[in-house]
Every structure is written in structure tokens, then in C-alpha cells.
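Accompanying notes for the structure given below.
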Amino acid sequence: MIPHQHPISERIGWLFELAQRHATEYASAEAWLARKRYRANHPTAIWVMKCMDGRINIPIATQTPKGIIQPFRNLGGIFRLGWPHLGETLVNDMEAVVNAGRQALVMVTYHYSKGDERRGCAGFHYRTQDAVAHTFEIRAEMGVLFGAHHRTVYPLVCGFETDEEALVIHGHLGATLSMADLTEADLDHLPQRLMALLPDMPTQMRHDLLPLLAGNLRHIARLRQMVRTLDIEHREWMLCVGRGFDWLHVPNIALIIGPYSPDLADPIRKAAGIIRANMRAGRIPSDGFMVMSSVPYEDIGVDRSRAMLKSNFMADFAAETVRKDFPDLAPLMTVRKTVLNWHSRQVETLEPPV
Ligand SMILES: [Zn+2]
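Under the numbering used here, the first residue of the sequence shown carries the number 188, and numbering increases by one thereafter.
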């Protein structure tokens, strides 16, 4: 059960228990083997560039095991590959992928609601066409960075329709394929349809994209069985800054902002505005919200020290932005600074909590 309406202290307690449960499960022999096996069967690295909006949760919507999809999040799914930190992060991550002889599929996503345009992307002022246009700009920049033929890194533009949590694949010559239009019976022919839709995608990648699409079909079918008017509205009460929030495998409680934009204050202000609107509309309790920073580290020693400094900085920066621009929210704010052991996925709270 997700405690959407509980007092803030209980919600925070629940959250850190969730983090602990995730780390325990992630470290288990069963999960470790499952990830190894998944990667052996599907060697393509899968990255998703997406909006910070809490409703966008691609691993859940595609029923993909935890730890397979690597997320990049920002306001509106807006990314410029020339942003200094983003460009370096992408290139570093790509080197690791290529050194292992793998390819990378980068899902460049926008989101919209088929039922009401006001449930679309606040980052684009609900103008879906602008959001779509931006994903194609990212795709073009990916071509500049990693090659226009996309043999190693393939940027795939995808829509995410939040009412049904359905993926929409944008393919060759403007063709699109929405998972919401398919049924289980179409699964057998999906490989052929993908070949026609994405003729320039390397065969291995198409093979590795299939389980995500099949998972999305099952997910859509499951959602259609449920009554879920509330879930398609915003209910976020966490403002997260940094990376490594994969353990937060719960939709619609957090706005996650990657540390990429040179103007970090802008997405933080937008996120604080969404949380305030959630409180005012009564979608979440108005007794408090949390600012949380997370920075992954791979090695103990200097690498962990660097992560701690960065986590401190980002949480302080976010908190200061809230105090300055949302003075009414400031007394309701709880700040938690964390680093994440990347190998064990253990969340470590930096003491003392602020
Ligand atoms: Zn959005």
C-alpha cells in the first residue's frame, strides 16, 4: 500500500523502509541472477530520457526488472546534449557500454494525455507538439554526438500516453505505433511490424526492445481492469535531485530532477510549484513534503567523499531555492541528503539530517 494520505513523518519512514527493501532484494542471489540472465539475453543497454513528472515510470509501464533501464530525468524531458554535465555523463556511460561490446538504445520520450491536454506536460505548458518537436531535436543531437547512422547508439523517439500508460513508438517516415492499439494477439507479428517501423535499427536492438513493448501491452491490459481516476492526477510530495532513484519504483510520489541543466533552479521551482498545487487541491496532505538528494558512488574513499559533497550541495541548493521562491512551503520542508552505493544500491543517509 502506498501511504498517499499519511502524515509526512510516516510517509518518510515508509520511504526509507522501501529503499531498504529494494537494496535487500537487489542484492539477493535470485535478483542478481535474474539481471545477469536478462542482460545475457538482451545485451542492449537501455537508457530513457524522460520528464521529471512522477507519472512517468517506464520500468513499471514496461514490466522490466529493476536495474535494467537507466533513467535520465529533467523537467519536461528537456535535455541539451551540449550541457556540460549531461554531455560528459552520456559519453562516460557510453564508453562503459561500448567497452563491453554492447549497443545502446536511448528512448527519448515526451508525454501527453489522450483524455485531457491539461494532464499533459507542465514543462511544455501542455503543448504536446512542442514536446514532440523537442524529442526530435534531442534525436538530432544524439546523431551529432554518437553518429548519424545509429549503429551503436540508437535514439528512439517515444511518446508516453499517461491515461493508459501506453508507449507510442515513432518510426520511419513519420509512422507511429501505439501499444494501446494492440492486443496480446498482435504479439506474434510485432517483430515484423518493428522491422517495417524501424528498418535502420540494428537487429539485436529490435530484439531487445520487444520485451519492453510486450511488457507495456500486459501493463495496459492490467490497467484497463482497474478503476484509477486518482492515479492519473499528480500526487507527488517528494522533490528529488540527483541520480540513482531507481529504487523509488512507485509511480506518482516524486518529481525527480537530474543534475544536468545548467539552470538547476528552474526545474526545482517548477517541481515546488507542482507540490504546492497538489497540497492546495487536497491531492496530498498539506503537513509537509520532502527534498531529497541522491548521488551514486562506485568506489569508497575519494569517490564517496565527492558524492557526499555533491549530495550536500544539491540538497542545500534545492532547499535554498524553495525558501527563496516559495516561502510558504519552507516551514513544511524536510531535507534528506543521501548517497547511493551503486553496486549494492544501498541508500546511505548523510548525518546529521537537516
Ligand atoms: Zn512533463
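All C-beta atoms in this analysis are idealised placements derived from N, C-alpha and C, irrespective of residue type, glycine included.
Quick caveat: nothing in here was measured; it's all calculated off a predicted structure.
| query | result |
| --- | --- |
| Do residue 321 and ligand 1 come close, with the Cβ less than 7 Å from some heavy atom? | no |
| Please tell me whether, using a cut-off of 7 Å, the distance from the CB of residue 350 to the nearest non-hydrogen atom of ligand 3 is below it. | As far as ligands go, the structure on display features ligand 1 and does not contain ligand 3. |
| Taking its Cβ as the centre, do 16 or more other Cβ atoms sit within 10 Å of residue 290, making it buried, or is it exposed? | buried |
| Can you tell me whether residue 541 is helix, strand or coil according to DSSP? | Confidence at residue 541 is low in this model, with a pLDDT of 47, below 50, so its placement is unreliable and no value can be given for it. |
| Looking at the secondary structure, which residues open and close the beta strand (DSSP E) in which residue 215 lies? | Segment: none, residue 215 is in no beta strand (DSSP E) and carries neither H nor E. |
| Please tell me whether, using a cut-off of 7 Å, the distance from the CB of residue 309 to the nearest non-hydrogen atom of ligand 1 is below it. | yes |
| My parser needs the beta strand (DSSP E) runs of 3 or more residues fully inside the segment 362-394; what are they? | 363-365 |
| DSSP has residue 476 in a bridge; who is on the other side? | 520 |
| Rounding to the nearest angstrom, what Cα-Cα distance links residue 383 and residue 466 in this structure? | 47 Å |
| Is residue 312 near ligand 1 - that is, is its Cβ less than 7 Å away from at least one heavy atom of it? | no |
| Could you tell me the distance, in whole angstroms, from the CA atom of residue 452 to the CA atom of residue 375? | 47 Å |
| For a test of your reading of the model: does the CB of residue 421 fall under 7 Å from any non-hydrogen atom of ligand 1? Yes or no. | no |
| Which residue comes first and which comes last in the alpha helix (DSSP H) that contains residue 192? | Segment: none, residue 192 is in no alpha helix (DSSP H) and carries neither H nor E. |
| For the pair the segment 445-461 and the segment 396-415, tell me if three or more CB-CB distances fall below 8 Å. | no |
| Does the distance from the CB of residue 522 to the CB of residue 478 come in under 8 Å? | yes |
| What's the call for residue 496, buried or exposed, on a 16-neighbour Cβ count within 10 Å? | exposed |
| At what residues does the beta strand (DSSP E) containing residue 535 begin and finish? | 533-536 |
| Verify whether the separation of the beta carbon atoms of residue 341 and residue 281 is less than 8 Å. | no |
| I need the DSSP call for residue 440, collapsed to helix, strand or coil. | coil |
| What are the boundary residues of the beta strand (DSSP E) that includes residue 296? | 291-299 |
| Between which two residues does the alpha helix (DSSP H) containing residue 253 stretch? | Unbroken run through residue 253: none, as it is neither H nor E. |
| Leaving out five residues before and five after residue 195 in sequence, what residues of the same chain have Cβ atoms less than 6 Å from its Cβ? | 474 and 475 |
| Return helix, strand or coil for residue 417, following the three-state DSSP convention. | Unreliable placement is indicated for residue 417, whose pLDDT of 49 sits below 50; the coordinate value is still reported in the next sentence. Helix at residue 417. |
| By how many angstroms is the C-alpha of residue 403 removed from the C-alpha of residue 261? | 23 Å |
| Does the Cβ of residue 518 have 16 or more other Cβ atoms within 10 Å, making it buried, or fewer, making it exposed? | exposed |
| Confirm the yes/no value for this check: CB of residue 263, any heavy atom of ligand 1, distance under 7 Å. | yes |
| Enumerate in chain order the residues of its own chain whose CB-to-CB distance from residue 328 is below 6 Å, with the five nearest sequence positions on each side excluded. | 268 |
| Going by the beta-carbon positions, is the gap between residue 212 and residue 221 smaller than 8 Å? | no |
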